[in-house]
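The structure under discussion appears below in the form of structure tokens.
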Amino acid sequence: MNPTSGFNSTSKTFHSLRPPIHLPPEETPLSAAEYALSIHADHSPWPDSIAIINSSTSQKLSYSEFITRIKSLTSYLKNVTKLCKNDTAFILFPNSIEVPILYFSLLSLGVVISPANPISSESEISHQISLCSPVIAFAVSKTCHKLPKLKHRAILIDSPEFDSILTMSPPAAATTAQRDLEKVTVSQSDSAAIMYSSGTTGRVKGVVLTHRNLIAVIAGYYPSKQERNSPTVMLYTVPYFHVFGFFYSFKSIDLSETVVVMERFDLKNMLRAVEKFRVTELAVAPPVVVAMTKSDLTDGYDLRSLETVGCGGAPLGKDVMKVFADRFPTVDLWQVSGHNFSVFYAKIDGITRQYMFIHSNMNYFIDFYNYFTKGRRN
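According to full-length UniProt numbering, the sequence shown is numbered sequentially starting from 1.
Printed below as a string of structure tokens:
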């Protein structure tokens, strides 16, 4: 292996130059949801801090409330809806505080989650459904008309019924032994999610991620955790259905972050949320970074709490990165290159801004990914 690039010419694989992470034994039954929640429970210095905030309504859920809602929904989906391990659930709604609750609930049951863009056309949704073969769909009132009839009726997460499901108490008569018997055994090799490609090489394709894949992602985030006096406050402008937002939903639980969720992006509302909730980290797409460098709106808000901006979904130009660094000298800008197979950072640990500008394609991959090269041999 090349000690500089990490490239193995025999296997055509790039390996991380960082220390390896330690994963649970592969044969141990374990879901990605259980693993992320266990790290939070075992290592969080703030076990009952605020987990999630709705940016428009200011509704807040603590971690204990968040976990209670996961348990309530899990019990309902298993015992009332009768979802089973290896079923697939199609998810069609915009960002909301209910998304991570639903993700963790379904994954703990061994149900495969398949999130899609809520603005997709009916024909696009029909194609995606043909790829994942769901038995149930979760939607909102504005998107449910796009869905075909499935085995189970669609559940609307913006309905009073869904809210009552989240807040109901588990049956009082249920003993610990009974709950243990009801627990679904999930293998790490089981499918966890079906994400969708962007369609740049033809029709949209489904990409399967296993629980082991997600556990590796989760395990890779924790070593990067920095000592803090209070939780990181992360504002999501990226969609949960995209792999960027999808992975970050696990990162936030893993690192005990407080997440501020925006249903739809608006620069003014984003800046207002940064000021109001003292946001320390943003997860954004390149157009947001460009807007922050060009708009005079940024001058009207107190952004002193902001420490980091993670940008993904598409490459960010070096000229934009430099302008951003000049305008926000105290904020670290991370280039997050993401697609349905991986996410890596172009600015890691002690790598300086200048190094990032010059070496935007460097092979400093995070420790839970190997990269394979494919090409024509001469």
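Backbone N, C-alpha and C fix where the C-beta goes; we use that ideal spot for every residue, glycine too. Values in this document were obtained by computation on a predicted structure and should not be read as measured data.
- Counting along the chain, the unbroken beta strand (DSSP E) around residue 281 starts and ends at 281 to 284.
- A residue is called buried once 16 or more other Cβ atoms fall within 10 Å of its Cβ, and residue 82, having fewer, is exposed.
- In the DSSP assignment, residue 112 falls within the unbroken beta strand (DSSP E) covering 112 to 115.
- In this structure the segment 145 to 153 does not touch the segment 59 to 68; the number of beta carbon pairs closer than 8 Å is below three.
- In the three-state scheme derived from DSSP, where H, G and I count as helix and E and B as strand, residue 252 is classed as helix.
- The three-state reading of DSSP puts residue 62 in strand, counting E and B together.
- If the five residues before and after residue 210 are omitted, its C-beta is found closer than 8 Å to the C-beta atoms of 188, 189, 190, 191, 192, all from its own chain and listed in chain order.
- Using a Cβ distance threshold of 8 Å, residue 194 and residue 206 count as a contacting pair.
- Selection 255, 264, 262 evaluated against residue 35 yields 255 as nearest (Cα-Cα).
- Taken through DSSP and simplified to helix, strand or coil, residue 185 comes out as coil.
- Just so you know, the alpha carbons of residue 281 and residue 330 end up roughly 12 Å apart.
- Secondary-structure assignment with DSSP links residue 311 through a beta bridge to 284, 335.
- Judged by DSSP secondary structure, residue 97 falls outside any beta strand (DSSP E); it is assigned neither H nor E.
- Taking 8 Å as the cut-off, the Cβ atoms of residue 102 and residue 73 count as close.
- Straight across, the Cα-Cα distance linking residue 136 with residue 124 is about 17 Å.
- Counted as a single uninterrupted DSSP element, the beta strand (DSSP E) harbouring residue 196 occupies residues 191 to 196.
- When C-beta atoms of the segment 13 to 28 are compared with those of the segment 229 to 248, fewer than three pairs fall below 8 Å, so the two segments do not count as touching.
- Excluding its 5 nearest sequence neighbours in each direction, residue 297 has C-beta neighbours in its own chain below 7 Å: 267, 268, 271, listed in chain order.
- At a Cβ-Cβ threshold of 8 Å, residue 279 and residue 285 do not count as neighbours.
- In this structure, the beta-carbon distance from residue 159 to residue 263 does not fall below 8 Å.
- Each residue's CA atom was taken as its position, placing residue 138 and residue 84 some 16 Å apart.
- DSSP places residue 135 in the coil class of the three-state scheme, outside both helix and strand.
- Inclusion of residue 217 and residue 110 in the CB contact set at 8 Å is not warranted, their separation being larger than that value.
- Here the alpha carbons of residue 333 and residue 227 stand approximately 19 Å from one another.
- Per DSSP, the beta-bridge partners of residue 236 are 261, 283.
- For residue 275, the CB contacts under 6 Å within the same chain, skipping 5 residues up- and downstream, are 301, 302 in chain order.
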